[in-house]
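Accompanying notes for the structure given below.
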Amino acid sequence: MKNNSNSKIMAIIHVHGPFIFFYVFLIIFSVTSSNTDSEALLKLKQSFEHASGLDSWRPQTEPCILWIGVICENGVVFGLRLENLGLSGEIDIDALASISGLRSISLTSNTFSGPIPDFHRMGALRGLYITGNRFSGEIPSDYFSKMEGLKKVWLSGNKFSGPIPSSLVQLSQLMELHLENNEFSGTIPSLEQPSLILINVSYNNLEGEIPSGLSKFGPKAFEGNPRLCGGNLNKPCNGPWRKGGSSHATKISIWFAVAFVVVLLITVAAIFMLRRRQETLDVKTNDNNLDRPLTSSASSVGKKDSGSVKKAFGLGYRVGSSRKGSTRVGDLVLLNDEKGEFGLGDLMKAGAEVLGNGALGSSYKAIMASGFIVVVKRMKETSKMGKDQFDVEMKRFGSLNHKNVLTPLAYHYRKDEKLLVYEYQPKGSLLYLLHGDRGISHTNLTWQVRFKIIQGIARGLDYLHTELFSLDLPHGDLKSSNVLLTEEYEPLLVDYGFYSLIGCSQAAQTIMAYKSPEAIEHHQISPKCDVFCLGVIILEILTGKFPSQYLHNAKGGTNLVQWVRSAIDEGREVDLLDPDIASARNCLGDMQQLLRIGAACTESSPKERLDVREAIRRIEGVNADRSYQENA
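Residue numbering for the sequence shown is 0 to 631, as defined by numbering that gives the first Met the number 0.
In structure tokens, the structure reads:
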């Protein structure tokens with residue numbers, strides 16, 4: 000019996016021997032590598048001062064399981080995240096260089112000082128993050144010349160001086176470069192890498208013309224450098240501020256500029272006073288005239304297109320009754336009278352202000368005599384859809400009933416333009432709260448509120464895909480500017496279904512669904528284009544960044560899809576989160592999970608992209624703060 004067992008073992012070794020020895024080799028290599036990495040990390044810790052935050056780094060323990068800030072893959076250390084630990088002292092580069100698998104180092108927000116360490120000795124690094132320390136002095140021009148694989152360089156918030164290292168130009172895979180809030184001087188190197196998606200050199204002492212390869216980035220990336228010109232700064236490079244200009248000529252130019260501004264202000268003030276006086280006369284004269292157009296409120300003066308408010312409805316409109324479901328030509332057709340009945344005449348007498356000018360038309364806030372406030376969307380870029388078909392579509396939209404979908408209250412049809420009337424939401428759009436006023440509104444967007452918003456958006460989109468299933472694009476234009484918020488931060492989807500109202504060529508230029516990869520490359524549209532839009536808005540909410548996908552000229556903003564996917568591949572999801580929510584440490588796992596869901600919704604191939612139902616299922620599965628949701 001024993002001989003039989005031995006023969007079976009020998010047979011297994013004979014057949015599988017090469018594989019067994021290979022696996023044994025891998026195990027031995029992994030253990031050896033782990034031991035070597037442990038020794039190097041302990042040596043690195045000894046070089047630090049104030050290293051109490053690394054108490055978990057102890058001999059005879061497993062770094063990849065127990066040591067804070069150590070990121071591993073298959074038992075090999077590939078990343079260090081030693082952030083906000085109060086570390087200082089010398090950095091043992093010899094110890095770091097001996098960790099062969101190390102690809103990413105983050106020492107962000109510590110108190111290291113002195114010249115930049117010799118990180119350039121680690122040619123295999125992909126990410127270097129030393130933001131928020133006290134490093135100073137010049138960085139040698141050839142510092143990065145041997146770091147060919149480096150993709151992300153974050154040196155911001157230090158005291159580096161001298162020229163920006165020219166060797167950054169040699170980094171062919173460079174994606175992110177942060178040099179803001181330092182003391183760099185001289186000109187900006189000609190960074191022409193196609194891979195570069197983020198750059199920030201603001202608040203240094205840089206001068207000269209911004210390289211043409213960086214003209215795709217917005218002015219915020221370069222602000223705080225008074226002697227920079229060109230790019231998107233709207234500052235020509237031949238102004239008197241340039242070096243070599245006569246100080247006398249500069250003073251004369253400044254005096255001329257000041258005089259011009261003073262004259263301009265006086266002129267604007269005079270025009271403003273005359274317009275207000277004329278408006279007062281108009282109100283007194285036409286107080287009972289139902290055909291009076293909307294008048295501009297004081298709060299709208301100075302806004303773009305505020306002078307066209309009187310043209311919003313035109314004097315040629317007929318005023319009729321406000322019966323629900325009325326189809327009389329020239330009248331306002333009510334779709335919902337729960338907020339009370341009103342007609343076109345009520346709008347004619349309302350005070351109004353311009354809210355904005357979108358790709359499909361302008362929007363106005365109108366305060367009626369009853370105190371009820373509505374938003375009137377004036378659509379000019381519509382297809383030549385007949386009135387009967389338009390009536391059908393509007394009644395279809397008006398019949399929708401979901402707490403995360405804002406339905407129109409009324410509409411008005413004319414051949415050349417249409418008016419859609421919605422209930423006004425005082426908190427405004429998600430776009431405004433995320434990007435418009437970070438000093439006030441943004442503070443209320445806690446993690447729990449953002450998760451609630453994401454859930455509501457997803458549920459509303461699911462409802463639209465169910466009720467408007469016959470449309471190729473049930474929403475079609477899902478983006479943060481088309482998500483309004485109630486007082487309780489409940490999201491309301493608006494501007495859905497417009498694809499059926501406008502021509503295909505106009506839709507391709509204006510609506511967000513056409514920013515999906517398949518629509519851009521192959522002009523293919525499907526409900527999965529809405530899923531792509533959902534993914535972008537999830538990433539926008541979590542990162543707080545403005546997506547470049549929203550811009551028609553592709554200049555400015557952040558390519559969130561590429562940025563997030565790259566970070567996920569490197570295991571750096573937490574670094575992407577908006578700092579205002581990243582402090583909620585107990586929820587970081589949930590935020591990372593949602594980032595991955597957003598990435599799955601923005602897959603390039605529609606076949607690999609989630610469908611709406613699967614996206615909803617995954618979002619609902621996130622273990623967020625359930626007590627908040629139950630009480631919300």
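Beta carbons are placed, not taken as given, at the ideal position from N, Cα and C, and that holds for glycine.
Ordered along the chain, which non-local residues of its own chain (more than five positions away) have a Cβ less than 7 angstroms from that of PHE396?
-> THR406, PRO407 and GLY496
Which one or two residues does DSSP pair with GLU48 in a beta bridge?
-> SER87
8 angstroms contact criterion, which GLY230 and PHE221 should meet: CB distance rounded | 6 angstroms
According to DSSP, residues forming a beta bridge with ARG608 | None; ARG608 has no bridge partner.
Express the C-alpha separation of VAL404 and ASP461 in angstroms, rounding to a whole number.
-> 10 angstroms
Residue interval of the alpha helix (DSSP H) (run including ALA94) = 92–96
Provide the residue span of the alpha helix (DSSP H) that contains MET590, from first to last.
-> 587–600
Quick one: using the 10 Å Cβ neighbour count with 16 as the cut-off for buried, is LEU359 buried or exposed?
-> buried
Anticipated Cβ contact below 8 angstroms, ALA695 with LYS44, distance rounded = Limits of the chain in this structure are 0 at one end and 631 at the other, which puts residue 695 out of reach.
Going by the CB atoms, is the gap between PRO162 and GLY185 shorter than 8 angstroms?
-> yes
Inspect the CB distances between the segment 160–177 and the segment 124–138 and report whether three or more fall short of 8 angstroms.
-> yes
Hey, which unbroken runs of the alpha helix (DSSP H) at 4 residues or more fall wholly within the segment 129–184?
-> none
Which first and last residues belong to the beta strand (DSSP E) in which VAL374 is found?
-> 372–378
Excluding five sequence neighbours on each side, which residues of the same chain lie with their C-beta closer than 6 angstroms to the C-beta of ASP345?
-> MET367
Residues bridged to HIS411 (per DSSP) = LEU418
Could you name the residues of the same chain whose beta carbon sits closer than 7 angstroms to that of PHE545, not counting the 5 residues immediately before and after it, in chain order?
-> HIS434, GLY556 and THR557
C-alpha gap between VAL332 and SER194, whole angstroms | 52 angstroms
Kindly indicate which three-state DSSP category TYR363 falls into: helix, strand or coil?
-> strand
Based on the DSSP secondary-structure assignment, which residues constitute the bridge partners of THR632?
-> The requested residue 632 is not part of the displayed model; the chain covers only 0 to 631.
Top-ranked residue by Cα proximity to VAL373, from PHE389, ASN335, THR465 and ILE64 | ASN335
Whole-angstrom distance between ARG377 and SER295, CA atom to CA atom | Because SER295 carries a pLDDT of 30, less than 50, the predicted location of this residue cannot be relied on, and the following value inherits that uncertainty. Going by the C-alpha atoms only, they are around 16 angstroms apart.
Could you have a look at SER103 and say whether DSSP puts it in helix, strand or coil?
-> strand
Confirm, please, whether the CB-CB distance from LEU227 to GLY212 is below 8 angstroms.
-> no
Continuous alpha helix (DSSP H) stretch holding PRO578: start and end = 578–581
Buried or exposed: which applies to VAL30, given that a residue is buried once 16 or more other Cβ atoms fall within 10 Å of its Cβ?
-> With a pLDDT of only 40 at VAL30, under the threshold of 50, the placement of this residue in the model should not be trusted; the figure read from the coordinates follows. Under this definition VAL30 is an exposed residue.
Alpha-carbon to alpha-carbon, VAL75 and GLY475 | 45 angstroms
Quick one: give me the first and last residue of the beta strand (DSSP E) that PRO490 is part of.
-> 490–492
Sequence-distant residues of its chain with Cβ nearer than 8 angstroms to GLU520 (five each side left out) | none
Determine the DSSP secondary structure at LEU127, reduced to helix, strand or coil.
-> strand
Can you tell me where the alpha helix (DSSP H) with ARG678 in it begins and where it stops?
-> Any answer about residue 678 is impossible in this case: the structure gives the chain only from 0 up to 631.
Alpha-carbon to alpha-carbon, ALA94 and GLY620 = 42 angstroms
To the nearest angstrom, how far is it from the Cα of SER547 to the Cα of ILE196?
-> 10 angstroms
Name the two residues that bound the continuous alpha helix (DSSP H) containing GLU517.
-> 516–521
Span of the beta strand (DSSP E) around LEU227 | 226–228
For LEU484, the three-state DSSP class (helix, strand or coil) | strand
What span of residues does the beta strand (DSSP E) with ARG80 cover, start to end?
-> 75–80
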